[in-house]
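Residue numbers (this note's numbering): 2 to 279.
Cβ atoms here follow ideal geometry from the backbone N, Cα and C, with glycine treated the same way.
Worksheet: the structure to be examined is printed underneath.
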């Protein structure tokens, strides 16, 4: 079977150097998996989820190449991935199995082992150096981090200690965050909550559009429409006879639409779809 990403650079995908050790490859792979795994996509848009799924498969593919000495050497020698895969290798099955192996339970276990470890400390140091002391960048770069007040306090304590011990140099970004800590984190927290709220609203809208697809909902729509038609008829008769020769002094108010009200054209389509008659 043809390789899925023939033009991909596995080193660039895993964000590591060409001379990376086996341990560095494994570490980079784990970190990126935690960011792009399908179980971590809640709150993202459909487009973001689709891009993240593709990126996740690229990460799997890159790791498979670089963790195999023979495949890695062949890539180094040829600079191509075209002849890396075995002809009978099923990539679709491989990607599916990988998603199963890395599930919510394994992620929770990894989080327990990772947080507070030397690996996490090294990742925090690396992220702070790369971002020139941008503390909020840790929530994007460090695995298992969540945008919560408790997590912010935990990470802030770690970074403060690293700066105090001279492991990390202070920077303008870090000093700014210290001064405006409450305001800056509150802004990030609000942004994340807004994203989650928008995602929930989108889900509700999608669910709402599907309500009329069942026969029960269509029957309810028919009953509602018949009732509205009768109400309109009575209203017209009252307007005609109750006022006598008196001229209309104002326009009648537009009746309030029911939750299931639609126009006649769409109503007819729904009737035909469900095989019902008006």
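Which value, in whole angstroms, describes the spacing of the CA atoms of residue i and residue j?
i, j, result
"residue 183", "residue 116", "24 Å"
"residue 108", "residue 59", "19 Å"
"residue 176", "residue 136", "10 Å"
"residue 152", "residue 46", "24 Å"
"residue 150", "residue 67", "38 Å"
"residue 75", "residue 191", "48 Å"
"residue 166", "residue 158", "12 Å"
"residue 79", "residue 189", "45 Å"
"residue 156", "residue 146", "9 Å"
"residue 33", "residue 180", "32 Å"
"residue 168", "residue 11", "31 Å"
"residue 178", "residue 171", "11 Å"
"residue 9", "residue 73", "13 Å"
"residue 112", "residue 186", "23 Å"
"residue 96", "residue 5", "Any reading at residue 96 must be qualified, since the residue scores a pLDDT of 48, below 50, and its modelled position is unreliable; the value itself is stated next. Cα to Cα, residue 96 sits roughly 11 Å from residue 5."
"residue 20", "residue 50", "32 Å"
Applying the criterion that 16 or more other CB atoms from any shown protein chain within 10 Å of the CB defines a buried residue, is residue i buried or exposed?
i, result
"residue 133", "exposed"
"residue 70", "exposed"
"residue 61", "buried"
"residue 7", "exposed"
"residue 15", "buried"
"residue 160", "buried"
"residue 110", "exposed"
"residue 82", "buried"
"residue 119", "exposed"
"residue 114", "exposed"
"residue 127", "exposed"
"residue 13", "exposed"
"residue 349", "The chain is shown only over 2 to 279; residue 349 falls outside these bounds and no answer can be derived."
"residue 258", "Residue confidence for residue 258 is low, a pLDDT of 47 falling below 50, so the modelled location carries little weight; the figure read from the coordinates is stated next. When all chains shown are included, residue 258 counts as exposed."
"residue 121", "buried"
"residue 248", "Low confidence applies here, because residue 248 scores a pLDDT of 44, under 50, leaving its location unreliable; read the following figure in that light. Label assigned to residue 248: exposed."
Contact check, residue i vs residue j under 8 Å by CB: the rounded distance?
i, j, result
"residue 143", "residue 125", "6 Å"
"residue 30", "residue 64", "4 Å"
"residue 17", "residue 25", "6 Å"
Between residue i and chain D, is there a C-beta pair that is closer than 9 Å?
i, result
"residue 159", "In the displayed structure, chain D is absent; only one protein chain is listed."
Is residue i near the ligand ADP, going by C-beta to nearest heavy atom under 8 Å?
i, result
"residue 11", "The ligand ADP is not part of this structure, which contains no ligands at all."
Is it the case that the region 47 to 64 contacts the region 27 to 38, given that we only count it when at least three CB pairs across the two stretches are under 8 Å?
yes
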